Amino acid sequence: MSAFIQKILWEIINQNASETETSWLTQKSNSEPLELMTAFVACPRFLSKKLIIVKPETASQLNEAIAGFSVEGWSLVRLARVWLLTHLDASDKETYIKHINTLFDTAEMNELVALYSALPILTYPEQWLFRATDAVRSNMGFVFDAIALRNPYPAKYFNEAAWNQLVMKTIFNDKPIHFIDGLNERQNKNLALILSDFAHERWAAGRSVAPQVWRLTSSFLDETLLSDIQHLLKSGNIENQQVAAIASVESGYQPAIDLLAQYPELKKAVASNELTWADFETKDLNTYVPKP
Numbered sequence: 002m003s004a005f006i007q008k009i010l011w012e013i014i015n016q017n018a019s020e021t022e023t024s025w026l027t028q029k030s031n032s033e034p035l036e037l038m039t040a041f042v043a044c045p046r047f048l049s050k051k052l053i054i055v056k057p058e059t060a061s062q063l064n065e066a067i068a069g070f071s072v073e074g075w076s077l078v079r080l081a082r083v084w085l086l087t088h089l090d091a092s093d094k095e096t097y098i099k100h101i102n103t104l105f106d107t108a109e110m111n112e113l114v115a116l117y118s119a120l121p122i123l124t125y126p127e128q129w130l131f132r133a134t135d136a137v138r139s140n141m142g143f144v145f146d147a148i149a150l151r152n153p154y155p156a157k158y159f160n161e162a163a164w165n166q167l168v169m170k171t172i173f174n175d176k177p178i179h180f181i182d183g184l185n186e187r188q189n190k191n192l193a194l195i196l197s198d199f200a201h202e203r204w205a206a207g208r209s210v211a212p213q214v215w216r217l218t219s220s221f222l223d224e225t226l227l228s229d230i231q232h233l234l235k236s237g238n239i240e241n242q243q244v245a246a247i248a249s250v251e252s253g254y255q256p257a258i259d260l261l262a263q264y265p266e267l268k269k270a271v272a273s274n275e276l277t278w279a280d281f282e283t284k285d286l287n288t289y290v291p292k293p
């Protein structure tokens, strides 16, 4: 465990906690493992559940230390729990793994959120892969969010099948996919095809597909996916047309670019960067509202 990460987390705690709270945490952080694990569970009894405020420069330091790692939107309890985990002695691998597994096995929902949030900074990261992929299947929304959103662990350790499952469940649950760390880097052809099948099912049911998810297809446009672009352009929905234009230009696929020639204003907007994927990054995808 990097002492630098531990230091940054403590700085954020100090900026958000009272003297009584920091005193309690300091005391517990110097405890033996079992007492420290008990403190992990007991945090809500001694700490405020308020959301923390993170200074931009501190957030930047954290991201530089572990790319993609963010504590934005965390409560003080969640942050303190993750910080306490950094004090578990990892020198004995078997004992360390046993302690973390005990916490997982006995955790309630908020404790699970903290544990999954801590995956990027836990020692022996490959050891937690089963736990992480299991969280993707969780029916607890906050647990799923903890592994899927603003968490660099999946992008680094998930295989393609597990990664695609995470992305598609995020889309299916109307979660903001631009908060998935590594989204652009982990694009793949299989995911693009899965998304196309998903879109066809939605359209057949009279439902929409969130515009921003089409960013996952632009690198893989071919004859099969071109029909989806054509559908979007002909839908009469301006957002559908806009994302089809972005995907077509990004793809460099000539048949898609030829198709876009029928919509010169859209092509111009993309070429001039007046229209980008950032224009469609929303917190709620709202794809259950019937649209063309």
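Residues 2 to 293 in the working numbering are what the sequence shown spells out, letter by letter.
Idealized CB from N, CA, C, for every residue including glycine.
This structure is a prediction, so every number in the text was calculated from the model and none was measured.
Judged by their CB atoms, LEU130 and TYR158 are nearer to each other than the 8 Å cut-off.
The beta carbon of ASP93 is closer than 6 Å to none in its chain, skipping five residues each way along the sequence. Beyond the five residues adjoining it in sequence on each side, ALA108 comes within less than 7 Å, by CB distance, of LEU116 in the same chain, given in chain order. Rounded to the nearest whole angstrom, the CA to CA distance from GLN213 to ALA245 is 10 Å.
Below 8 Å, too few C-beta pairs join the region 84–100 and the region 57–66 to call them touching: fewer than three. The region 28–36 and the region 82–89 touch, with three or more beta-carbon pairs separated by less than 8 Å.
In this structure, ILE148 lies near VAL137, with their beta-carbon atoms less than 8 Å apart. Residue pairing by DSSP places LEU52 opposite SER76 in a beta bridge.
The three-state reading of DSSP puts ILE67 in coil, since its state is none of H, G, I, E or B. Measuring C-alpha to C-alpha distances from SER49 to each of PHE221, GLU127, PHE143 and THR23 identifies THR23 as the nearest. Cα atoms of LEU77 and LEU196: separation of roughly 37 Å, rounded to the nearest angstrom. For GLN16, the uninterrupted alpha helix (DSSP H) run begins and ends at 4–17, by DSSP. Contact annotation: SER209 and ARG203 have beta-carbon atoms nearer than 8 Å.
In the three-state DSSP reduction, LEU222 falls in the coil class, being neither helix nor strand.
Sequence-distant partners of PRO256 (beyond 5 residues in either direction) whose C-beta falls short of 6 Å from its own C-beta, in its chain, are LEU227. Residues of the same chain with a CB within less than 6 Å of the CB of PHE41, apart from the 5 flanking positions on each side, are ARG82 and LEU85 in chain order. For GLU240 and LEU52, the gap between their C-alpha atoms comes out near 34 Å. Excluding the 5 residues flanking it on each side, PHE5 has same chain C-beta neighbours closer than 7 Å at ALA66, in chain order. The continuous alpha helix (DSSP H) containing MET169 extends over residues 161–173.
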